[in-house]
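Colleague:
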Amino acid sequence: MQQIVIPPISEDLARVVERVEHIRGLDADLCERLTRSVAQLWGHAGALCSDDDRASFDRILVRITPEASVDTRLFLSDRLAAVVEPPRGILLVLARDVVEVARPVLENSPALTDADLVEIARSRGAAHMEVIAERRDLSIRVTDVLVLRGDDAVRRVVAGNGGARLSDKGFTRLGLQACNDHVVETRLVRRDDLPDMIVHFLIERGSPEARSELAKRARHALDGDRLGYSALSIRATEDGWLDPYDFVQAAGVLSRLDELRHHLDSFVRKLAQTERFPEIVHVLAAATGLPLDTMKHVMVGLDTEPFVVAARAIGLKVETVGELLATGPWLHRLDARARAAAEAAFHALPTQEARRRLDAWIAAGPRPS
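Counted from 1, the sequence shown has number 40 at position 40 by my numbering; the numbering is strictly sequential.
#1: Measuring CB atoms only, is the region 326 to 339 touching the region 295 to 304, in the sense that at least three cross pairs come out at less than 8 Å?
#2: Can you tell me which of the three DSSP states Ala342 falls into?
#3: Can you grab the Cα-Cα spacing for the pair Gly372 / Ala121, in whole Å?
#4: Should Arg187 and Ala159 be called a contact, given that it needs their Cβ atoms to be closer than 8 Å?
#5: Could you name the residues that DSSP lists as bridge partners for Ala164?
#6: Hey, could you find the ends of the alpha helix (DSSP H) Gly322 is sitting in?
#7: Quick one: using the 10 Å Cβ neighbour count with 16 as the cut-off for buried, is Ile203 buried or exposed?
#8: Would you check if there are 3 or more beta carbon pairs closer than 8 Å linking the region 66 to 83 to the region 49 to 57?
#9: Should Ala210 and Val184 be called a contact, given that it needs their Cβ atoms to be closer than 8 Å?
#10: Cβ atoms of Val309 and Ala354: under 8 Å apart, would you say?
#11: Tell me where the alpha helix (DSSP H) around Ser50 begins and ends.
#12: Using a 10 Å radius around the Cβ and a threshold of 16 neighbouring Cβ atoms, would you call Asp152 buried or exposed?
#13: List the endpoints of the continuous alpha helix (DSSP H) containing Asn108.
#14: Of all the options Val101, Asp359, Gly328, Asp116, which has the alpha carbon lying nearest to the alpha carbon of Asp246?
#15: Closest by CA to Ile362, which one among Ala285, Leu325, Glu323, Glu100?
#16: If you compare alpha carbons, which of Val62, Val38, Ala28 is closest to Ser69?
#17: With DSSP collapsed to three states, give me the class of Glu85.
#18: Can you tell me whether Asp243 is buried or exposed? The criterion is at least 16 other CB atoms within 10 Å of its CB, across all chains shown.
#19: So what does DSSP say about Ile314, is it helix, strand or coil?
#20: Just the C-alpha distance for Phe57 and Thr65, rounded to the nearest angstrom, thanks.
#21: Roughly how many angstroms lie between the CA atoms of Asp53 and Arg103, to the nearest whole one?
#22: Counting only the same chain and skipping the five closest in sequence on each side, list residues whose C-beta sits under 8 Å from that of Ala126.
#23: If we call anything under 8 Å between Cβ atoms a contact, is Val142 one with Leu117?
#24: Between Asn108 and the rest of its own chain, which residues show a CB-CB distance below 7 Å, the 5 nearest in sequence each way excluded?
#25: With the cut-off set at 8 Å, would you say Arg136 and Gly163 are in Cβ contact?
#26: Looking only at its chain, what residues have a beta carbon closer than 6 Å to the beta carbon of Ile234, apart from the 5 residues adjacent to it on each side?
#27: Out of Asp168, Gln177, Glu134, Thr172, point me to the one whose CA is closest to Val157's CA.
#28: Would you call Asn180 buried or exposed, if buried means 16 or more other Cβ atoms sit within 10 Å of its Cβ?
#29: Pro244 by DSSP, collapsed to three states: which one?
#30: Taking only the alpha-carbon atoms, compute the straight-line gap between Thr274 and Val199 and give it to the nearest angstrom.
#31: For Val300, name the three-state secondary structure that DSSP assigns.
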């Protein structure tokens, strides 16, 4: 029978685990020295550890680190902050520690999930939220908690973080604070993903400086043409609404487009009735000549005028427009009043005017990012 040889590090870790888990009152000096030693050992051997050894590291550190000094806990936090697969138990212990210790992992650790960040934000309060808000990338799930539960200081950090994706309600909350907070207002105005509803809100209620800056952005977009102004590259806040859809696979619908061009309206309506939103976006992009990313924005944005112009220009019927206004993200984003207003605008827009506006926008090219 073959003898199983346990590597020396596994034996050593097993002995340390047994010792620290069976001592009720750990000596503070022992915890201090052992935490630093184990942290250094992890730095040398952690990447090559077996799952069992990784679990042993975790059990040791979870047991001894809370008894170590702030300086030593910070030392460990710095060591683990950039590790892709750190021992998970101690990572969460450090992330919930005092903010000085938690900062390195909260701000930088790639191993913290959205669920981790949300739980820590809710349980630990504003100081931890402010650190989380400084992470390079933040999902809508996390920013909703930061913006809606955090204080003014947290919202200022989120507003200035270009890597923070925000929902409509997140932007709305920041917009309300911007009315009395020049820092938030300035940071919002500088964002590339500012939704139309917040642009309009700040133009109406913002400071003269904010209105001036937003007016410059509007003039920069195709001589004030609303279609050019609204149909921008896909915004981060709207990108979250598009995540469930597979636009790569949906591109296959374009193989049938030539044979169906004379029946475009009925084809698009059938796609809407069968809830094939990504195929609709591809077909409308090809039919209008707009870039796919622009059409994605047109079909998810709260400003429906670009869609109305495009739909009228390519000859869609009002019944089809009604189906499209209740398809994909618009099923949840638009209310009955918004849909009725869009249909009324469609009725009122002459086809020739719609074609002129669409052609002018295409000729000018997409708005520079």
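Cβ atoms here follow ideal geometry from the backbone N, Cα and C, with glycine treated the same way.
Modeller: Taking the definition as stated:
#1: yes
#2: Taking the sequence shown and counting its residues from 1, one reaches residue 342 at position 342. Helix.
#3: This structure leaves residue 372 out entirely; the chain is present only between 1 and 369.
#4: As a first step, residue 187 must be located in the sequence shown, where it is residue number 187. As a first step, residue 159 must be located in the sequence shown, where it is residue number 159. Taking 8 Å as the Cβ cut-off, Arg187 and Ala159 qualify as a contacting pair.
#5: Reading the sequence shown from its first residue, position 164 is the one you call residue 164. Bridge partners of Ala164: Leu138.
#6: Along the sequence shown, read from residue 1 onward, the residue named residue 322 stands at position 322. It spans 318 to 324 - the alpha helix (DSSP H) in which Gly322 sits, taken as one unbroken run.
#7: Position 203 of the sequence shown, counting from 1, holds the residue named residue 203. Burial call: exposed.
#8: no
#9: Along the sequence shown, read from residue 1 onward, the residue named residue 210 stands at position 210. Along the sequence shown, read from residue 1 onward, the residue named residue 184 stands at position 184. No, the pair does not count as a contact, with Cβ atoms beyond the cut-off.
#10: Indexing the sequence shown from 1 puts residue 354 at position 354. Indexing the sequence shown from 1 puts residue 309 at position 309. Their beta carbons are under 8 Å apart, which means Ala354 touches Val309 by this criterion.
#11: By one-based count along the sequence shown, residue 50 stands at place 50. Neither: Ser50 is in no alpha helix (DSSP H) and is coded neither H nor E.
#12: Here residue 152 refers to the residue found at position 152 of the sequence shown. Answer is exposed; the Cβ neighbour count stays below 16.
#13: For the purposes of this step, residue 108 is taken as residue 108 along the sequence shown, with counting starting at 1. Start and end: 99 to 108.
#14: Position 246 of the sequence shown, counted from the start, is the residue given in the question as residue 246. That would be Gly328, whose Cα lies nearest to the Cα of Asp246.
#15: Locating residue 362 in the sequence shown gives position 362, counting from the first residue. The shortest C-alpha separation from Ile362 is found at Ala285.
#16: Indexing the sequence shown from 1 puts residue 69 at position 69. Per the Cα distances, Ala28.
#17: The residue labelled residue 85 in the question sits at position 85 within the sequence shown. Coil.
#18: Start at 1 with the first residue of the sequence shown, and residue 243 comes out as number 243. Classification for Asp243: exposed.
#19: Here residue 314 corresponds to residue number 314 of the sequence shown, with the count starting at 1. Residue state, collapsed to three classes: coil.
#20: Mapped onto the sequence shown, residue 57 falls at position 57. Mapped onto the sequence shown, residue 65 falls at position 65. Computed Cα separation, rounded: 11 Å.
#21: Numbered from 1 along the sequence shown, position 53 holds the residue referred to as residue 53. Numbered from 1 along the sequence shown, position 103 holds the residue referred to as residue 103. Rounded to the nearest angstrom, the two C-alpha atoms are 27 Å apart.
#22: Counted from its first residue, the sequence shown places residue 126 at position 126. Contacts found: Gly150, Asp151, Ala153, Val154.
#23: As a first step, residue 142 is located in the sequence shown; it is residue number 142 there, counting from the start. As a first step, residue 117 is located in the sequence shown; it is residue number 117 there, counting from the start. Contact: yes.
#24: If you number the sequence shown from 1, residue 108 lands on position 108. So the list reads Ala81, Ala82, once near-sequence residues are dropped.
#25: For the purposes of this step, residue 136 is taken as residue 136 along the sequence shown, with counting starting at 1. For the purposes of this step, residue 163 is taken as residue 163 along the sequence shown, with counting starting at 1. Yes, they are a contact pair.
#26: Indexing the sequence shown from 1 puts residue 234 at position 234. Low confidence applies to Ile234: its pLDDT is 44, below 50, so where it sits in the model is not reliable, and the reading given next is rough at best. Closer than 6 Å at Cβ, skipping near neighbours: Asp293, Lys296, His297.
#27: Working through the sequence shown from its first residue, we reach residue 157 at position 157. Of the candidates Asp168, Gln177, Glu134, Thr172, the one whose C-alpha sits nearest the C-alpha of Val157 is Glu134.
#28: Here residue 180 is taken as the residue at index 180 of the sequence shown, counted from 1. It is exposed - the Cβ of Asn180 has fewer than 16 other Cβ atoms within 10 Å.
#29: On the sequence shown, position 244 is the one that residue 244 refers to. Correct three-state label for Pro244: coil.
#30: In the sequence shown, counting from the first residue as 1, residue 274 sits at position 274. In the sequence shown, counting from the first residue as 1, residue 199 sits at position 199. Cα to Cα, Thr274 sits roughly 34 Å from Val199.
#31: The count along the sequence shown starts at 1 and reaches residue 300 at position 300. Val300 falls in the coil class under three-state DSSP.
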